[in-house]
Each structure stands twice: as structure tokens, then as C-alpha cells.
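This note's numbering puts the first residue of the sequence shown at 1264, with every later residue one more than the last.
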Amino acid sequence: MERLDRLDWAAGISLTACGTRIGIRATRLEPLAALAEELSPVWRRSSSPIVDRLYSFVPAPPVRQRGRRHYHVLYADAARIARAEAIDEVRAGLAADAQLHLAVAASGLLFVHAGVVLWRSRALLLPGPSRAGKSTLVAALVGAGATYFSDEFAILDPDGRVRQHPAPLSLRPDVAAGFADTAAACRPRRRDGQLATVAATVLLRHEPGAALRLRRITAGETVLGLVANTVAARLRPQDALRASRRVAADSRLRLSGVRGDAAAAAARLLDELDRLP
């Protein structure tokens, strides 16, 4: 870290989210705005000079020498986390590391890998690992009239309520075209962290071409599914168990299964929610 501190830093900014603060410094002023934009709208500007994690960005020289490869380099504290010729790769590395740091360090909150929508004031939680089809199912649910809450993380407070995540829907390029009409609706409508009680928790696995198969599960199975997808479960096991048990108890609908087509699954899940007393 001392070696990094000795570099000639041109400028720096601090950002905050969920009580967690990070800093970004760079040896040139120009890239800072682009780096901060990569973290928006989850992270907001802060005036605090004290941060929990410091990112140091050393961009490639503005004038390239012919025949030589020039790299952009990014450090998180003293560890190098990205080195690439394309600045977009470094920006993506920053976004991924900052999100993981937030998920682990957020004060009083738990981040669960899950999609979330609101249907008639009832929150539907869809836990699952990355590439489990959460985003496409969330897009299909929003297209059917649900309110977007999150496609990647469910943010749980100590009482097991879910907070709207400020990040918009993110779809892989190969599937984004099929949901172009719903993209605008898949953005948070409020910036103050709207809270909702979870009415349904559904653990679905995507299998292309599969028929929809659902089964009811116990509260214990629901807790296991939630803890397995909680980012900080190993660091804060008691918090993870407490919040997961509360979610399972609040969920009047608990399901597990396999889905193929997202639209068919969305229609069935909303119908199940409508049947709740």
C-alpha cells in the first residue's frame, strides 16, 4: 500500500451505499467520472474523507507507443484486481468488486442472490445463483404487471423485509432483445429504499424447454435455500439464519421447482399469489 501511496494521485472521490463507503483515486482526472458512472445508481457521492475500501486506478498513458501494449490497472486497497488494455474491462472489475464488498459489509443488511418483484403489495422473492434465470423471470413478471424491485440481490433488513435495490435490470445481450419493451419498467421507482414484507419465496431452476414443475416446500427448506444464496452467510451466520427464518415464516407461499419459458412461469406465479388469502 505504501508503494501505491507514493504515486502522484491527481484526484479522488468517495461514494456511499447502505452505510458503506468506498473511495476511488486516479493518477489522471479524466477517468474518474466514467468510473463513478459505472457504480451509479447504487453508489452515491459522499463528502466523507474516510472510506472502508480504497480503489486506486492507474490508467494507461494517453499517448501510446507503437509496438508496445499499454494497460489500465486497478487496485482494491493493496491488491491488484484488474489489468487490461480495454478500460471497459477495468470498469466491470470495479463494479463487481464494489458490489461484492457492499454485499459483505453493508451495515445491518443482508444481500441474498435473488430476483424480487412486488405484486399487489406482496413481495415475491426468487433466490438463486448467478445464471439461474432470475433476470429473465423478473423481466417476464414485470411485463405481466408486477413492480420491479431487483433482479440480482434481495436486500433484507433485520426483520426479514426486503428493500428495493437501486440497480436497474441487467440482461445478457443474447436475451435482452426479447425484453426490450419491459426494460424501461425495470428500474426502481423510488430512491429511498422502499420496504416490503415477503409473501412468497420461490426457488426455481431454469432448464431450456422444460415444462413448469412446482412443489410446495417447508419453512426449513426455504431457510436452507435462502442461506445458501446469502453472500455473507459464512461471515454472519446468525444474522443470515435470523433473517431467513423470518422470511420463511412470512412467506405464505413457498415453492421449489423447474421452469422453462419465463412468461409461462410468471403467469403461474402471479396466479398463485392472487390465490393467497
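Even for Gly, the Cβ is constructed at its ideal location relative to N, Cα and C.
Are the beta-carbon atoms belonging to L1532 and V1425 less than 9 Å from one another?
no
Assuming V1245 and P1429 make a contact with CB atoms under 8 Å, what is their CB distance in whole Å?
Outside the displayed span of the chain (1264 to 1540) sits residue 1245, for which this structure offers no information.
Whose CA, out of V1405, L1475 and A1512, lies closest to the CA of D1422?
A1512
Assuming G1483 is part of the alpha helix (DSSP H), what are its boundary residues?
A1482 to A1491
Buried or exposed by the 16-neighbour rule on C-beta atoms within 10 Å, applied to Q1362
buried
If I'm right that V1510 touches L1388 with Cβ under 8 Å, what's the distance once you round it to whole angstroms?
7 Å
Given 8 Å as the limit, is there contact between the segment 1472 to 1489 and the segment 1517 to 1528, that is, 3 or more CB pairs closer than that?
yes
Taking only the alpha-carbon atoms, compute the straight-line gap between A1417 and A1273 and give it to the nearest angstrom.
37 Å
Can you tell me whether T1410 is buried or exposed, with buried defined as 16 or more other CB within 10 angstroms of its CB?
buried
Tell me which residue opens and which closes the alpha helix (DSSP H) that A1430 is part of.
Careful: A1430 lies outside any alpha helix (DSSP H) and carries neither H nor E.
Which residues bound the beta strand (DSSP E) around I1550?
In the structure as shown, the chain starts at 1264 and stops at 1540, and residue 1550 therefore has no counterpart that could be examined.
According to DSSP, is L1278 helix, strand or coil?
strand
Let me know if L1536 comes out buried or exposed under the rule of 16 or more other beta-carbons within 10 Å of its beta-carbon.
buried
At what residue ranges does the segment 1297 to 1377 contain a whole run of the alpha helix (DSSP H), taking only runs of 4 or more?
1350 to 1368
Closest residue to Q1457 among L1317, I1480 and S1384 (Cα-Cα distance)
S1384
Going by DSSP, name the residue or residues bridged to P1390.
A1377
Residues in its own chain within less than 6 Å of V1232 by CB, not counting five upstream and five downstream?
Lying outside 1264 to 1540, the shown extent of the chain, residue 1232 is not represented and no answer is given.
Count the other CB atoms, across all protein chains shown, that sit within 10 Å of the CB of H1376; report buried if there are 16 or more and exposed otherwise.
buried
In whole angstroms, what separates the C-alpha of Q1427 from that of G1488?
20 Å
Bridge partners for G1520 per DSSP, in chain order?
L1467 and L1477
Does DSSP put R1253 in a helix, in a strand, or in coil?
The structure shown does not extend to residue 1253, since the chain spans only 1264 to 1540, so no value can be given for it.
Status (buried if at least 16 other CB within 10 Å, exposed otherwise) for E1300:
exposed
Is the CB-CB distance between F1224 and A1386 below 9 Å?
This structure cannot speak to residue 1224, because the chain is shown only from 1264 to 1540.
If you run the structure through DSSP and keep just helix, strand and coil, what is S1398?
helix
Leaving out five residues before and five after L1292 in sequence, what residues of the same chain have Cβ atoms less than 6 Å from its Cβ?
A1273 and A1274
Less than 9 Å separating the beta-carbons of I1480 and L1504?
no
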